[in-house]
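Under the working numbering, residues 4 to 90 are what the sequence shown spells out, in order. Just so you know, even glycine gets a beta-carbon here, dropped at the ideal spot from N, CA and C. Single-structure report; data block below.
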Amino acid sequence: MRELGQYSLPDPYARGRFDTARDHSERYGDEYALLGVIECTVFEMAWNLVGLEQFLVDMALDKDYVGTLLDEVADYSIAVGRELIDL
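Pasting the structure below:
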């Protein structure tokens, strides 16, 4: 199986990542429904990392690699979503 490479996804818990969202939650959360957005679907984030054509080829020919890639991307998205929920 191919390695994911030197690239690593950003730290979903990085200091400051949710400061604006936290500020909005504290300021408006009692009066308004707030919407947190995860920017891409798991599919979009994965193909943005490797390129669409390569991702589609990998889906057909290297399913173990794609499974690992999608797991990594999903874990990141879930962590971001949980942080937004906890605000």
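Contact holds between the region 25-43 and the region 67-84, because three or more Cβ pairs, one in each stretch, are under 8 Å apart. In the three-state DSSP reduction, F21 falls in the coil class, being neither helix nor strand.
DSSP, reduced to helix, strand and coil, places V40 outside both helices and strands of the structure shown, so it counts as coil. Counting along the chain, E34 sits inside no alpha helix (DSSP H), nor does DSSP assign it H or E at all. When DSSP states are grouped into helix, strand and coil, Y79 belongs to the helix group. Annotation for D61: the continuous alpha helix (DSSP H) segment containing it runs 55-64. Rounded to the nearest whole angstrom, the C-alpha separation of L12 and G32 is 29 Å. In this structure, DSSP gives D14 a state outside helix and strand, which the three-state scheme calls coil.
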